[in-house]
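Numbering (UniProt numbering), first residue to last: 1 to 280. All residues carry an ideal CB built from backbone N, CA and C; glycine is no exception. In this text, all values refer to a predicted model and were calculated from it rather than measured experimentally. These notes concern the structure reproduced below.
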């Protein structure tokens, strides 16, 4: 490798005189005055339009009832896989987005490719591997993921699966996720952390619920937050939430029932999410 050329000193550009504190304070006051005079509705509309744009994008990632074609897989197998993925997220202290993106990639992949059950863990691990590369600052290595599968799969199998996953989604990983919608809805409505944490728990438990894969992520987030509010004794879906989400209660109430039903009857043995949130 050729050595780096030595950097030559360059003259600094001429600068204006440095302003004193007495000169800066009036400028800061003027800026604050301008912000106060700016229409708050205009600022809120920008946030709402961003949420609306994300909501519209979710239509590009609709998932069908793919288990009808997956003769060697079942809803319970998928639930066990997701529970295992949550365990990996906890073990490596991954961000929530990596988990949600990983699960979404699993469903998108299985909606396009028929596989045998002995490849299901490879699909789950590879999807989480791809998600980590997208969302983590320091993602676990390929060796780490091979070890999580007890080295059942070779590096070449992982890498081949990674390419198949990326091609399935046309290399588009900016997928709107229910977790992000939930966080933004709660922030817009200024709910406290206990309420948001309860809604996160409801949403994360239902990652294992195959019945919810066909629902849009924005409605899933709205239903989880609505259910959390009900549990906290707040009975109404406020005008603020309606404004930002674009949904009325009747738009997601059936999904809320699905979430609640699964929450009340989590399959035995799938305890990772409950264990994870028992410490919060």
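Whole-angstrom distance between residue j and residue i, CA atom to CA atom
i           : j           : result
residue 149 : residue 162 : 15 Å
residue 282 : residue 89  : No statement about residue 282 is possible, as the shown extent of the chain runs from 1 to 280 and does not include it.
residue 216 : residue 178 : 8 Å
residue 227 : residue 205 : 13 Å
residue 101 : residue 261 : 24 Å
residue 191 : residue 152 : 45 Å
residue 165 : residue 69  : 18 Å
residue 276 : residue 77  : 21 Å
residue 79  : residue 243 : 34 Å
residue 143 : residue 201 : 30 Å
residue 267 : residue 273 : 12 Å
residue 186 : residue 211 : 24 Å
residue 11  : residue 155 : With a pLDDT of 40 at residue 11, under the threshold of 50, the modelled position of that residue is not reliable, and the figure given next carries that caveat. Cα-Cα distance, rounded: 52 Å.
residue 213 : residue 263 : 16 Å
residue 233 : residue 220 : 20 Å
residue 91  : residue 141 : 14 Å
residue 222 : residue 279 : 25 Å
residue 130 : residue 136 : 10 Å
residue 95  : residue 103 : 13 Å
residue 230 : residue 254 : 14 Å
residue 75  : residue 209 : 8 Å
residue 38  : residue 238 : With a pLDDT of only 44 at residue 38, under the threshold of 50, the placement of this residue in the model should not be trusted; the figure read from the coordinates follows. Going from the Cα of residue 38 to the Cα of residue 238 covers about 25 Å.
residue 167 : residue 188 : 35 Å
residue 66  : residue 169 : 16 Å
residue 184 : residue 175 : 15 Å
residue 108 : residue 157 : 19 Å
DSSP three-state assignment for residue i, whether helix, strand or coil
i           : result
residue 199 : helix
residue 265 : coil
residue 101 : helix
residue 71  : coil
residue 255 : helix
residue 28  : Its pLDDT being 47, under 50, residue 28 is placed unreliably by the model, and the measurement read from it follows with that caveat. Residue state, collapsed to three classes: helix.
residue 236 : coil
residue 244 : helix
residue 36  : Reliability of the predicted coordinates at residue 36 is poor, the pLDDT of 45 falling under 50, and the value obtained from them is presented with this limitation in mind. Three-state result, residue 36: helix.
residue 87  : helix
residue 178 : helix
residue 275 : helix
residue 230 : helix
residue 96  : helix
residue 205 : helix
residue 166 : helix
residue 260 : helix
residue 194 : helix
residue 218 : helix
residue 64  : coil
residue 82  : helix
residue 270 : coil
residue 76  : helix
residue 210 : helix
residue 185 : helix
residue 7   : Here residue 7 scores only 38 on pLDDT, less than 50, and its place in the model should not be relied on; the value that follows carries that caveat. DSSP places residue 7 in coil when its eight states are reduced to three.
residue 138 : coil
residue 150 : coil
residue 173 : coil
is_contact[residue i, chain C] using C-beta, thresh 9 Å
i           : result
residue 208 : Here there is only one protein chain, and chain C is not present.
Q | alpha helix (DSSP H) segments (min. 4 residues) lying fully within the segment 107-135 | A | List check, alpha helix (DSSP H) in window: 120-135.
Q. Taking one C-beta from the segment 193-200 and one from the segment 242-262 each time, how about it: are there three or more such pairs within less than 8 Å?
A. Of all C-beta pairs linking the segment 193-200 to the segment 242-262, fewer than three are shorter than 8 Å, placing the two stretches out of contact.
Q) Is it a yes or a no for the segment 121-137 touching the segment 74-88, going by three-plus beta-carbon pairs under 8 Å? A) Segments in contact, yes.
Q: Would you check if there are 3 or more beta carbon pairs closer than 8 Å linking the segment 106-115 to the segment 131-150?
A: The segment 106-115 vs the segment 131-150: no contact.
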